[in-house]
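Engineer: To start, I am sharing the structure in question, which I have written as structure tokens.
Numbering (UniProt numbering), first residue to last: 1 to 316.
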């Protein structure tokens, strides 16, 4: 039994429930129960129709966290990132825990329902939240608490922090792509050497060695380079959803297991070259898509920066 909100397993013996979409739903902890009830009470139940991944598992707000959030109400702390225009305040926040478009929809709707919030806009590409609110009616710490209440953590957006997070993700993706490309080429040569048209003079002992060499070279591709696919598939299965990660993981896993069986028994065809090629093309596609999205976001930011701070309106 999985939690209806976050997709994690429900501990045996616990009976946290909430009525969502007209039916009682099993939940894993009081935090998920509170978030589900808050979403229902806010009239945002359609979030559960739109989401494509399970939500983050929320944590109750301890006293220490409340005190830390209250620090954001100090003027000297707000000075670097909060802008004031009349009775409105505006801030850009970096939101953690976003996994799909429904997360952005939920955040915008949740904050927009607060009477003091004038506007809330979520950028899914950069995970940046731009919010404008009446500072005399609502404290910034209350805004951050609202996000915590539905399972998201927000910080003041800082270019260096966002760039560091993005650079770290890009380095990891590039390493996984590089490992897959390098080892696939070697595994392909070892696999091709076992094909009948190439192994006319190959001894049985060398044939066995090449099968195990191909297995050794393909294993890092499966367990390191393809780790994002397996993590995504496990997360989606926990939330009872069939996504692209599930089908990709099944294909890679089945071909890898079939290759292991061939390496051990010596009967059948090796599929390690297919595993490596499939993983390489998928990882390359994801990496190029990530880079294209980043370039688009950067180009948009540059266009915004071209706008003048003020203009002169000419009458007729």
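Even for Gly, the Cβ is constructed at its ideal location relative to N, Cα and C. Only a predicted model underlies this, so the values are computations on that prediction, with no experimental measurement involved.
Which residue's Cα is closest to the Cα of residue 144: 195, 174, 66, 220?
Structural biologist: 66
Engineer: Do you know offhand how far residue 205's Cα is from residue 177's?
Structural biologist: 33 Å
Engineer: Under 6 Å Cβ to Cβ from residue 375, same chain only, skipping five residues before and after it: list those, please.
Structural biologist: Outside the displayed span of the chain (1 to 316) sits residue 375, for which this structure offers no information.
Engineer: Check for me: the alpha helix (DSSP H) holding residue 228 runs from which residue to which?
Structural biologist: 227-238
Engineer: Quick check on this structure: which residue in 251, 293, 186 has the alpha carbon closest to the alpha carbon of residue 211?
Structural biologist: 186
Engineer: Is the CB-CB distance between residue 147 and residue 139 below 8 Å?
Structural biologist: No, they are not a contact pair.
Engineer: Please classify residue 151: is it buried, with 16 or more other beta-carbons within 10 angstroms of its beta-carbon, or exposed?
Structural biologist: Classification of residue 151: buried, given that the 10 Å Cβ count is 16 or more.
Engineer: In terms of alpha-carbon separation, which member of 85, 104, 87, 217 lies closest to residue 93?
Structural biologist: 104
Engineer: Can you tell me the Cβ-Cβ gap for residue 279 and residue 167, rounded? I've got them flagged as a contact below 8 Å.
Structural biologist: 23 Å between Cβ atoms; not a contact.
Engineer: Just checking, does the region 261-275 make contact with the region 284-292 on the three C-beta pairs under 8 Å criterion?
Structural biologist: no
Engineer: Taking the alpha carbon of residue 39 as the reference point, which residue from 83, 242, 74, 110 has its own alpha carbon closest?
Structural biologist: 110
Engineer: Which residues bound the alpha helix (DSSP H) around residue 25?
Structural biologist: Unbroken run through residue 25 is the beta strand (DSSP E), 23-27; no alpha helix (DSSP H).
Engineer: Under the assumption that residue 209 contacts residue 183 (Cβ atoms under 8 Å), give the Cβ distance between them as a whole number of angstroms.
Structural biologist: Actually they are not in contact, since the Cβ atoms of residue 209 and residue 183 sit about 17 Å apart, beyond 8 Å.
Engineer: In whole angstroms, give me the CA-to-CA distance for residue 227 and residue 169.
Structural biologist: 14 Å
Engineer: So the beta strand (DSSP E) residue 65 belongs to, where does it begin and stop?
Structural biologist: No beta strand (DSSP E) holds residue 65; the alpha helix (DSSP H) holding it covers 63-70.
Engineer: How is the alpha helix (DSSP H) around residue 146 delimited, first residue to last?
Structural biologist: 140-149
Engineer: Which residues bound the beta strand (DSSP E) around residue 76?
Structural biologist: Residue 76 -> not in any beta strand (DSSP E); alpha helix (DSSP H) instead, spanning 75-78.
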